[in-house]
């Protein structure tokens, strides 16, 4: 999978199974993760080089990206601008 322009493909981190206090979180109460690993990066747009690269762990906005399922994996496609920070 190769994204175009300034698009990035991110594999979201799994949702938390337990709270910091050890309470098990049921599936219905799990929050959508806002962290993931970049697995593909487009070439950039208008001659601007991409800041992120494959393998980077990133944080992104709660409602960022388009969800899709590819080869059994849940993925997000988003613009590089939707990424808030590289960890």
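In my numbering, the protein residues as written are 1233 to 1319.
A virtual CB, placed ideally from N, CA and C, is assigned to each residue, including glycine.
Per DSSP, the bridge partner or partners of residue i
i: residue 1244; result: 1268
i: residue 1318; result: 1290
DSSP-derived helix/strand/coil call for residue i
i: residue 1313; result: helix
i: residue 1278; result: coil
i: residue 1238; result: coil
i: residue 1299; result: strand
i: residue 1175; result: There is no way to answer for residue 1175, as the model of the chain reaches only from 1233 to 1319.
Residue i burial status per 10 Å Cβ neighbour count (16 or more: buried)
i: residue 1286; result: exposed
i: residue 1292; result: buried
i: residue 1233; result: exposed
i: residue 1297; result: buried
Whole-angstrom distance between residue j and residue i, CA atom to CA atom
i: residue 1316; j: residue 1272; result: 17 Å
i: residue 1306; j: residue 1255; result: 25 Å
i: residue 1276; j: residue 1236; result: 8 Å
i: residue 1304; j: residue 1278; result: 33 Å
i: residue 1326; j: residue 1239; result: There is no way to answer for residue 1326, as the model of the chain reaches only from 1233 to 1319.
i: residue 1301; j: residue 1253; result: 32 Å
7 Å Cβ shell around residue i - same chain, five flanking residues per side excluded
i: residue 1283; result: 1312
Cutoff 6 Å; reference residue i; Cβ partners in own chain excluding five residues on either side
i: residue 1319; result: 1289
Cβ-based neighbour list, residue i, same chain, cut-off 8 Å, excluding 5 preceding and 5 following
i: residue 1246; result: 1265
i: residue 1280; result: 1238
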